[in-house]
Amino acid sequence: ELKVEQNPLFLSMQEGKNYTIYCNYSTTSDRLYWYRQDPGKSLESLFVLLSNGAVKQEGRLMASLDTKARLSTLHITAAVHDLSATYFCAVDTNAGKSTFGDGTTLTVKP
Amino acid sequence: DTGVSQNPRHKITKRGQNVTFRCDPISEHNRLYWYRQTLGQGPEFLTYFQNEAQLEKSRLLSDRFSAERPKGSFSTLEIQRTEQGDSAMYLCASSFSWEGNYGYTFGSGTRLTVV
Chain A
16 ELKVEQNPLF LSMQEGKNYT IYCNYSTTSD RLYWYRQDPG KSLESLFVLL SNGAVKQEGR
76 LMASLDTKAR LSTLHITAAV HDLSATYFCA VDTNAGKSTF GDGTTLTVKP
Chain B
22 DTGVSQNPRH KITKRGQNVT FRCDPISEHN RLYWYRQTLG QGPEFLTYFQ NEAQLEKSRL
82 LSDRFSAERP KGSFSTLEIQ RTEQGDSAMY LCASSFSWEG NYGYTFGSGT RLTVV
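Those sequence lines, one after another, are chains A and B.
Position 101 of the first sequence, counted from 1, bears residue number 116 in my numbering, the numbering being contiguous throughout.
Position 41 of the second sequence, counted from 1, bears residue number 62 in my numbering, the numbering being contiguous throughout.
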């Protein structure tokens, strides 16, 4: 059974600082997704990572994938308050369904 | 196209009642997924369809749960004899077929409260 673990689960950081969220998964997969969820809202797709070594960047967020280590990272650069949300990683099995981590709740303080 | 649409947005029901939720996917997407999310957790896979065929069901989906996708368009998820443990956000997502999949589009969800 595929397991996806994120850490940390809660992250409080100051504006302007950098930090990294980690996503580990237990079985081979080469499709990994990052989503953002605001309170009471649905999931917004941020990144789709499809191959080993994939790196994608959008604004202050950068995601990478190492399939050999079964690890993805979401790096936050110079955080701003608007980035406060819960971030989920999700990994696809061959069946095309996703297994999600429990999420990292990010709070950016001024 | 306005994305994935789910109705109702909120549903409060008494224990033991039946409820039905609807999901209208993006029209070009042939795959449709149902997930359940409880507070503080990531979404959990329930079932998915390719066109009208239901291809997989999670063991989380007890006999009280049934999903349909007639004609490969919208989908319904029905819960019979609801229990308090069914209280959750039910999310629908759609995508192209997996081989060409570049991500899923999620709807806004239906929040179910069983009292």
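By construction, the Cβ of each residue, glycine as well, lies at the ideal position given by its N, Cα and C atoms.
What first and last residue would you give for the beta strand (DSSP E) that runs through residue i?
i	result
Q52 (chain A)	L47 to Q52
K73 (chain B)	It is worth fixing the name first, because residue 73 (chain B) is Glu in this sequence and not Lys. From DSSP, E73 (chain B) is part of no beta strand (DSSP E); its letter is neither H nor E.
V70 (chain A)	V70 to E73
E89 (chain B)	F86 to E89
A109 (chain B)	A109 to S116
D117 (chain A)	It is not in any beta strand (DSSP E) - D117 (chain A) carries neither H nor E in the DSSP assignment.
N28 (chain B)	S26 to N28
E30 (chain A)	Run containing E30 (chain A): none; DSSP gives neither H nor E here.
A78 (chain A)	L76 to D81
R85 (chain A)	Looking at the DSSP string, R85 (chain A) is not in any beta strand (DSSP E), and its letter there is neither H nor E.
V135 (chain B)	T131 to V135
DSSP three-state label for residue i, please.
i	result
L81 (chain B)	coil
L53 (chain B)	strand
K56 (chain A)	coil
L17 (chain A)	coil
D97 (chain A)	helix
Q38 (chain B)	coil
K124 (chain A)	strand
K92 (chain B)	helix
Buried or exposed, going by whether 16 or more other CB atoms sit within 10 Å of the CB of residue i?
i	result
G128 (chain B)	buried
S66 (chain A)	exposed
P29 (chain B)	exposed
F25 (chain A)	exposed
K112 (chain A)	buried
T43 (chain A)	exposed
Output, in chain order, the set of chain A residues within a Cβ distance shorter than 8 Å of residue i.
i	result
Q75 (chain B)	Going along chain A, no residue has its Cβ under 8 Å from Q75 (chain B), so there is no contact; the nearest lies around 12 Å.
L112 (chain B)	S57 and L58
By Cβ distance, which residues of its chain are closer than 6 Å to residue i, with the 5 residues on each side in sequence left out?
i	result
F70 (chain B)	L53 and R90
T122 (chain A)	S27 and S99
D13 (chain B)	Given that chain B is displayed from residue 22 to residue 136, the structure contains no residue 13 (chain B) and the question cannot be resolved.
P64 (chain B)	Y56, Q58 and L112
Y40 (chain A)	V19, R85 and V106
In chain B, what lies closer than 9 Å to residue i by C-beta?
i	result
G68 (chain A)	Within chain B, no residue comes near G68 (chain A); the closest Cβ sits about 18 Å away, beyond 9 Å.
K18 (chain A)	Here the premise fails: no neighbours, minimum Cβ distance about 11 Å.
F103 (chain A)	G63 and P64
Consider the C-beta atom of residue i and the heavy atoms of the ligand SAH; say whether any pair is separated by less than 8 Å.
i	result
D107 (chain A)	As far as ligands go, the structure on display features none, and thus does not contain the ligand SAH.
Might you give, ordered along the chain, the residues of its own chain that have their beta carbon closer than 7 Å to the beta carbon of residue i, omitting 5 neighbours on each side?
i	result
I33 (chain B)	T134 and V136
E73 (chain B)	R90, P91, K92 and G93
What does residue i touch in chain B if you count any residue whose Cβ is under 8 Å from its own?
i	result
G116 (chain A)	G63
Y48 (chain A)	G124 and Y125
Residue i versus chain A: which residues are under 7 Å apart at the beta carbon?
i	result
G130 (chain B)	S57
Under 8 Å Cβ to Cβ from residue i, same chain only, skipping five residues before and after it: list those, please.
i	result
G24 (chain B)	I47, T126 and G128
R75 (chain A)	I91, T92, A93, A94, V95 and L98
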